[in-house]
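Undergrad: Mind looking over this structure? Questions follow.
2 protein chains.
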Amino acid sequence: MYDMTIRLQTDRGISLYEQIYGHIKGEIRDGKLLAGERLPSTRSLAEYLQVARSTVESAYGQLMDEGYIEPRPYKGYFVCPMEELAGLEGMQGAFDDGERRQDGAGRMFREEGRRSGFPESLGSSQDTRSRGVRDGSPAVIDFSPVEIDMSGFPFSVWKKITRNILTDANSDLFARGEAQGDLGLRQTICRYLHSSRGVDCGPEQIIIGAGNDYLLLMLEKILGRHVPVAMENPTYIRSYQIFRSFAYPVVALDMEQGGMQPGRLREVGAKVAYVMPSHQFPTGTVMPVGRRMELLRWASGEEDRYLIEDDYDSEFRFRGKPIPALQSLDRQGKVIYIGTFSKSIAPAIRVSFMVLPLPLLKVYKRDCAFYSCTVSRIDQRILDEFIRDGYFERHLNKMRKFYRDKHELLLEKLVPLEKRFTISGENAGLHLLLRTKENVPEGELLAAAAGAGVRVYGMSEYGIGASGEGEDAGSIGKGGKPGAVLLGFGGLSLEQIREGVERLEKAW
Amino acid sequence: MYDMTIRLQTDRGISLYEQIYGHIKGEIRDGKLLAGERLPSTRSLAEYLQVARSTVESAYGQLMDEGYIEPRPYKGYFVCPMEELAGLEGMQGAFDDGERRQDGAGRMFREEGRRSGFPESLGSSQDTRSRGVRDGSPAVIDFSPVEIDMSGFPFSVWKKITRNILTDANSDLFARGEAQGDLGLRQTICRYLHSSRGVDCGPEQIIIGAGNDYLLLMLEKILGRHVPVAMENPTYIRSYQIFRSFAYPVVALDMEQGGMQPGRLREVGAKVAYVMPSHQFPTGTVMPVGRRMELLRWASGEEDRYLIEDDYDSEFRFRGKPIPALQSLDRQGKVIYIGTFSKSIAPAIRVSFMVLPLPLLKVYKRDCAFYSCTVSRIDQRILDEFIRDGYFERHLNKMRKFYRDKHELLLEKLVPLEKRFTISGENAGLHLLLRTKENVPEGELLAAAAGAGVRVYGMSEYGIGASGEGEDAGSIGKGGKPGAVLLGFGGLSLEQIREGVERLEKAW
Chain E
0 MYDMTIRLQT DRGISLYEQI YGHIKGEIRD GKLLAGERLP STRSLAEYLQ VARSTVESAY
60 GQLMDEGYIE PRPYKGYFVC PMEELAGLEG MQGAFDDGER RQDGAGRMFR EEGRRSGFPE
120 SLGSSQDTRS RGVRDGSPAV IDFSPVEIDM SGFPFSVWKK ITRNILTDAN SDLFARGEAQ
180 GDLGLRQTIC RYLHSSRGVD CGPEQIIIGA GNDYLLLMLE KILGRHVPVA MENPTYIRSY
240 QIFRSFAYPV VALDMEQGGM QPGRLREVGA KVAYVMPSHQ FPTGTVMPVG RRMELLRWAS
300 GEEDRYLIED DYDSEFRFRG KPIPALQSLD RQGKVIYIGT FSKSIAPAIR VSFMVLPLPL
360 LKVYKRDCAF YSCTVSRIDQ RILDEFIRDG YFERHLNKMR KFYRDKHELL LEKLVPLEKR
420 FTISGENAGL HLLLRTKENV PEGELLAAAA GAGVRVYGMS EYGIGASGEG EDAGSIGKGG
480 KPGAVLLGFG GLSLEQIREG VERLEKAW
Chain A
0 MYDMTIRLQT DRGISLYEQI YGHIKGEIRD GKLLAGERLP STRSLAEYLQ VARSTVESAY
60 GQLMDEGYIE PRPYKGYFVC PMEELAGLEG MQGAFDDGER RQDGAGRMFR EEGRRSGFPE
120 SLGSSQDTRS RGVRDGSPAV IDFSPVEIDM SGFPFSVWKK ITRNILTDAN SDLFARGEAQ
180 GDLGLRQTIC RYLHSSRGVD CGPEQIIIGA GNDYLLLMLE KILGRHVPVA MENPTYIRSY
240 QIFRSFAYPV VALDMEQGGM QPGRLREVGA KVAYVMPSHQ FPTGTVMPVG RRMELLRWAS
300 GEEDRYLIED DYDSEFRFRG KPIPALQSLD RQGKVIYIGT FSKSIAPAIR VSFMVLPLPL
360 LKVYKRDCAF YSCTVSRIDQ RILDEFIRDG YFERHLNKMR KFYRDKHELL LEKLVPLEKR
420 FTISGENAGL HLLLRTKENV PEGELLAAAA GAGVRVYGMS EYGIGASGEG EDAGSIGKGG
480 KPGAVLLGFG GLSLEQIREG VERLEKAW
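Residue numbers (numbering that gives the first Met the number 0), protein chains in the order written: chain E, 0 to 507; chain A, 0 to 507.
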């Protein structure tokens, strides 16, 4: 058992429970307390530290809340597995085994509300929302890959910060802000990106905007017209739709060994490649460092070649060493880094950010700086304090635990189906992939599930060329081909996951 | 003296003071109590109604807060002049004397933070904010036409609404919303537009977006590429910059008799005309109904002709009958109506809205509906309640009074300068136009003012072709031509206005 030596101070105005909480948290983060290790019982630690037992209980409670430790019946308190925390130290160069991790060693989670192949216009967000976990006992169990769990959202904290900010003292917040977003938030995001993603930039390179879609609209103004874009296939369909709405020629390159091949990029004459290296959607593939370097070399080959790194869910990774952003390897100013808080906090928090390489920043300042910022300054300030005061990190840790529990239950429940389906994509955040071994067409799987009151999502929806996109580059499991379906679990309760999989077993 | 007969009810759960307040407000709104009329003293009304004097005082206090009545020393309480209130009844067809109003009979006010010829990138918003009224006694007095008065902002109300909305019960607010904006807010805006602007539309035609700039970006996707746009000259330069960033050919048509001439539109082959009929910026011209009908006829001439009505400051009009929106006259579905809350509430409230005619709505749904809404659902809900609960109307009435006082003081202080300057643009919201009678170039006026520690704004900034826009269609008072300057007063205190004009008198 770990020997807990805490130097409690009574003269620092910090409550004893906070000191205990802080100490244990530090030990976990420094790796001195390892995943699965047992903590002393509240009673014994209280005696040892000469404090009231309730004091230790509060500290443990806080640590449980934040997903650092978990109770096991009759056993005590144990450290939760989480090698990656939001605030990372010394993770640069931690790049060793992308391949292995890709083979499923690492489980990744995502809660990106926007990662849907179904445009909201098709009503899917409406459907999933109205049928999602929030309305109690839904007739249909919807394994939507776009729903997230809001039950963990720290409303009271958000309220408190908001209340403090909405004072007459801050009346200037209601005046116009800077076009790129307020400096304070840009500095905070800059620090966060550096420590958690290894992103190397200054606040002046950051553009804050109301959602990735908007940032891509800005990017169109910066990159110019008719830029040939290459996308991974399958991919995040909304970005595809957006590039199409720019009248950009879009080429779909099938995923091969962890990503698109630079050779193909040259063949098709792409100028911009849109990639999700840390965790490709929907396949969940992690791009190995070798492929990353190849892509960077390709981009350096011509002045107007760029890589758009959509780092949409880097926060939701559980096991294995953290994977620095592609941008952190970029020495030539070739990577446009895009991130969002839509999934790490909530889809309704319409705050995304883009890190521009210096050449493009120059173009932005010349041609786009008159576009006023699309995020209210109040929301910017709330988010800024939410991050700076450590609430963001706590929220992330808490959500990791929520989603890990759901993920593990789903995997466990799916075991009986493994005879007839290949289950993959554990890397792929809040959903898994099931691929039939018996050439059952996707359509039949969806229909059978629907018949049993379960909604699952066909992989073909995410293939460019699929869902009536007017192209036909490598759509997947489409038509008669052996089907693959996505099972999302973010918005479902444990009970719904249990019930849903049982329905599927009967149906399939 | 007006005979005040109020049927006070003690059984309706409405406090006596609220009943008195509501009754008097109603009388004013119904025109039974007229501008300048004297109210009974609190003492006499209290005796008459058999209530405590403090009850009447609270009612009067509330009415003063909202700008319905004002106290005059040693005289008592008087009804404020305000023929137009936010919630208008029977104003359709109130269209009679656009011309007369245009000749200055009507004073209009605006507080549009965005109506600047200076992109934020040029630092003007920063400068004006840091030098504005908020930081006490500024060295430079900045007659910025873009600053607004935030001292009247109802922070406590905004906080209260926010607090009530941020409850776990509303956790669904943190999930994705509808692409066009949430139905509730669209319905509220729809009602508001109908009653206050005569706009005829359904909520399904409304697109909510984070600012006008963003809505224009959407419009580019809807209208398509290379659409020849005609703009009034001088105009709102940011819209001009935005159309240019679309690679749209932009033609500047000089203002003639209340607007651009449809004949010229045909000559230049414009497909879209961007107009501000209720109150052109920066000239403050009101487009007469005849010209409006001509423009609508022009638009009906071809299927792909449209009018963009930027109704940016319709809320801030004081005298004369209200002017319905151009959209209210449109029977052919030719007007794209754009409005914003940036100025009527605060620039930081990044909520604008666009009413699409049905043909364009169809295009939007087909080509753009996958763009997720740029306004957070929380902000949408806060705004929705702010309007529905009547706070928006109260705020507007209050601000009208604030700005009217500043406007009147400025006019009064400017009298001595009338020998050497033509003062115009009383229609033009939160600023006035001064035009030299002695052919003093604009540059000299600006320099002399700056020397005296006053910042004024050259009219040439608003001329298309000016400020290095690379064109040269009718820039105004530019270079050596007789100068005209804008004096904005929205963000200045009465004391600053007094001091500022005195400095100008010495300088000029």
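For every residue, glycine included, the Cβ atom is placed at its ideal position computed from N, Cα and C.
What you are looking at is a predicted structure, and each value in this text was computed from that prediction instead of being measured.
Taking all protein chains shown into account, decide if A:Ile19 is buried (16 or more other Cβ within 10 angstroms of its Cβ) or exposed.
TA: Stepping through the second sequence from its first residue, residue 19 of chain A is reached at position 20. A:Ile19 comes out buried.
Undergrad: Here's the rule I'm using: 16 or more other beta-carbon atoms within 10 Å means buried, otherwise exposed. How should E:Leu357 be labelled?
TA: Residue 357 of chain E sits at position 358 when you count from the first residue of the first sequence. By the 10 Å Cβ count, E:Leu357 comes out exposed.
Undergrad: Would you identify the three-state DSSP class for E:Ser351, choosing helix, strand or coil?
TA: As a position in the first sequence, residue 351 of chain E is number 352, starting the count at 1. Correct three-state label for E:Ser351: strand.
Undergrad: So which residues on chain A does E:Tyr370 lean against when the C-beta distance must stay under 7 angstroms?
TA: For the purposes of this step, residue 370 of chain E is identified with residue 371 of the first sequence, where counting begins at 1. Asp212, listed in chain order.
Undergrad: Helix, strand or coil for A:Pro481, going by three-state DSSP, please let me know.
TA: Taking the second sequence and counting its residues from 1, the one referred to as residue 481 of chain A is at position 482. It is a strand residue.
Undergrad: For a contact defined as C-beta to C-beta under 8 angstroms, what are the partners of A:Ala246 on chain E?
TA: As a working mapping, residue 246 of chain A is identified with position 247 in the second sequence. Result: Arg224.
Undergrad: Between A:Leu32 and A:Ile23, is the Cβ-Cβ spacing less than 8 angstroms?
TA: Taking the second sequence and counting its residues from 1, the one referred to as residue 32 of chain A is at position 33. Taking the second sequence and counting its residues from 1, the one referred to as residue 23 of chain A is at position 24. Result yes, Cβ atoms of A:Leu32 and A:Ile23 sit closer than 8 angstroms.
Undergrad: Between A:Phe352 and A:Ile164, which are expected to be in contact by the criterion C-beta below 8 angstroms, what is the C-beta distance as a whole number of angstroms?
TA: Along the second sequence, read from residue 1 onward, the residue named residue 352 of chain A stands at position 353. Along the second sequence, read from residue 1 onward, the residue named residue 164 of chain A stands at position 165. With a Cβ gap of about 20 angstroms, A:Phe352 and A:Ile164 do not count as contacting.
Undergrad: Determine whether the Cβ of E:Gln240 lies closer than 8 angstroms to any Cβ atom of chain A.
TA: Taking the first residue of the first sequence as position 1, residue 240 of chain E is located at position 241. Yes, contact with chain A.
Undergrad: Quick check on A:Leu216 - is its C-beta less than 8 angstroms from some C-beta in chain E?
TA: Start at 1 with the first residue of the second sequence, and residue 216 of chain A comes out as number 217. Closer than 8 angstroms to some Cβ of chain E, the Cβ of A:Leu216 qualifies, so yes.
Undergrad: Closer than 8 angstroms, CB to CB, is A:Ile307 near chain E or not?
TA: The residue you call residue 307 of chain A lines up with position 308 of the second sequence. No - not a single Cβ of chain E is within 8 angstroms of the one on A:Ile307.
Undergrad: Would you check if there are 3 or more beta carbon pairs closer than 8 angstroms linking the segment 219-235 of chain A to the segment 407-426 of chain A?
TA: Segments in contact, no.
Undergrad: What do you get for A:Glu308, buried or exposed, if any count of 16 or more other CB atoms within 10 angstroms of its CB means buried?
TA: Counted from its first residue, the second sequence places residue 308 of chain A at position 309. Label assigned to A:Glu308: buried.
Undergrad: With DSSP run on the structure shown, which of helix, strand or coil describes E:Leu38?
TA: Taking the first sequence and counting its residues from 1, one reaches residue 38 of chain E at position 39. Correct three-state label for E:Leu38: coil.
Undergrad: Pull up the distance between the alpha-carbon of E:Glu17 and that of E:Glu56, whole angstroms please.
TA: Position 18 of the first sequence, counted from the first residue, corresponds to residue 17 of chain E. Position 57 of the first sequence, counted from the first residue, corresponds to residue 56 of chain E. Those two C-alpha atoms are separated by around 11 angstroms.
Undergrad: What would DSSP say about A:Arg403, mapped onto helix, strand or coil?
TA: Position 404 of the second sequence holds residue 403 of chain A. Three-state result, A:Arg403: helix.
Undergrad: Does the separation of the CB atoms of A:Thr373 and E:Arg349 fall below 8 angstroms?
TA: Numbered from 1 along the second sequence, position 374 holds the residue referred to as residue 373 of chain A. Numbered from 1 along the first sequence, position 350 holds the residue referred to as residue 349 of chain E. Going by C-beta atoms, A:Thr373 is nearer than 8 angstroms to E:Arg349.
Undergrad: Strictly by DSSP, which residues pair up with E:Thr421?
TA: By one-based count along the first sequence, residue 421 of chain E stands at place 422. DSSP output for E:Thr421 lists E:Arg434 as bridge partner(s).
Undergrad: With 8 angstroms set as the bound, which would you pick, yes or no: does the beta-carbon of A:Phe77 sit closer than that to a beta-carbon of chain E?
TA: Counted from its first residue, the second sequence places residue 77 of chain A at position 78. Not closer than 8 angstroms to any Cβ of chain E, the Cβ of A:Phe77 fails to qualify, so no.
Undergrad: Quick one: residues in its chain with C-beta nearer than 7 angstroms to the C-beta of A:Ala51, no 5 flanking neighbours on either side, listed in chain order?
TA: As a working mapping, residue 51 of chain A is identified with position 52 in the second sequence. Ala45, listed in sequence order.
Undergrad: Distance, Cα to Cα, E:Tyr213 vs A:Leu410?
TA: Working through the first sequence from its first residue, we reach residue 213 of chain E at position 214. Working through the second sequence from its first residue, we reach residue 410 of chain A at position 411. When rounded, the distance between both Cα atoms is 43 angstroms.
Undergrad: Quick one: is E:Lys405 near chain A, going by C-beta distance under 8 angstroms?
TA: As a working mapping, residue 405 of chain E is identified with position 406 in the first sequence. By this cut-off, E:Lys405 is not an interface position.
Undergrad: Taking a contact to mean a Cβ-Cβ separation below 8 angstroms, would you say E:Leu433 touches E:Ala506 in this structure?
TA: For the purposes of this step, residue 433 of chain E is identified with residue 434 of the first sequence, where counting begins at 1. For the purposes of this step, residue 506 of chain E is identified with residue 507 of the first sequence, where counting begins at 1. Not closer than 8 angstroms, so no.
Undergrad: With burial defined as no fewer than 16 other Cβ atoms inside 10 Å of the residue's Cβ, what is the status of A:Gln8: buried or exposed?
TA: As a first step, residue 8 of chain A is located in the second sequence; it is residue number 9 there, counting from the start. By the neighbour-count rule (16 or more Cβ atoms within 10 Å), A:Gln8 is not buried but exposed.
Undergrad: Could one say the Cβ of A:Glu504 lies closer than 8 angstroms to chain E's Cβ atoms, at least one of them?
TA: For the purposes of this step, residue 504 of chain A is taken as the residue at position 505 of the second sequence. Cβ-Cβ to chain E under 8 angstroms: no for A:Glu504.
Undergrad: What would DSSP say about E:Ile335, mapped onto helix, strand or coil?
TA: As a working note, residue 335 of chain E is residue 336 in the first sequence. E:Ile335: strand per DSSP, three-state reduction.
Undergrad: 8 angstroms is my cut-off, CB to CB: does A:Ala347 come that close to chain E?
TA: Looking up residue 347 of chain A in the second sequence gives position 348. Chain E, which has a Cβ nearer than 8 angstroms to the Cβ of A:Ala347, makes this yes.
Undergrad: So, are the CB atoms of E:Phe595 and E:Phe488 less than 8 angstroms apart?
TA: There is simply no residue 595 of chain E to check, as chain E begins at 0 and stops at 507 in what is shown.
Undergrad: Which residue wins for smallest C-alpha separation from E:Ile335, given the options E:Ala298, E:Asp312, E:Asp366, E:Ser371?
TA: Position 336 of the first sequence, counted from the first residue, corresponds to residue 335 of chain E. Checked all of E:Ala298, E:Asp312, E:Asp366, E:Ser371; the closest Cα to E:Ile335 is E:Ala298.
Undergrad: My guess is that A:Thr282 and A:Met254 are in contact by the Cβ rule of under 8 angstroms, so how many angstroms apart are they, rounded?
TA: Along the second sequence, read from residue 1 onward, the residue named residue 282 of chain A stands at position 283. Along the second sequence, read from residue 1 onward, the residue named residue 254 of chain A stands at position 255. Between A:Met254 and A:Thr282 the Cβ distance is about 6 angstroms, and since that is below 8 angstroms, they are a contact.
Undergrad: Against chain E, with Cβ distances strictly below 8 angstroms, would A:Ser120 count as a contact?
TA: Locating residue 120 of chain A in the second sequence gives position 121, where the first residue counts as 1. With a pLDDT of only 30 at A:Ser120, under 50, the local geometry of the prediction cannot be trusted, and the value read off the model is given with reservation. Answer yes: the Cβ-Cβ gap between A:Ser120 and chain E drops below 8 angstroms somewhere.
Undergrad: What number of angstroms, rounded off, separates the C-alpha of A:Val520 from the C-alpha of A:Met217?
TA: Residue 520 of chain A lies beyond the stretch modelled for chain A, which goes from 0 to 507, so this question has no answer here.
Undergrad: Quick check on the burial criterion: 16 or more other C-beta atoms within 10 angstroms. Buried or exposed for E:Asn438?
TA: Here the question's residue 438 of chain E lines up with position 439 in the first sequence. Classification for E:Asn438: exposed.
Undergrad: Inspect the CB distances between the segment 233-250 of chain A and the segment 378-396 of chain A and report whether three or more fall short of 8 angstroms.
TA: Not touching, per the Cβ criterion.
Undergrad: Comparing C-alpha positions only, which one of E:Leu355, E:Gly452, E:Gln204, E:Pro346 sits nearest to A:Ala174?
TA: Here residue 174 of chain A is taken as the residue at index 175 of the second sequence, counted from 1. A:Ala174 has its Cα closest to that of E:Pro346, out of E:Leu355, E:Gly452, E:Gln204, E:Pro346.
Undergrad: For E:Tyr508, which of E:Arg263, E:Asp199, E:Lys158 has the nearest alpha-carbon?
TA: For chain E, the structure presents residues 0 to 507; residue 508 of chain E sits outside this window and is missing.
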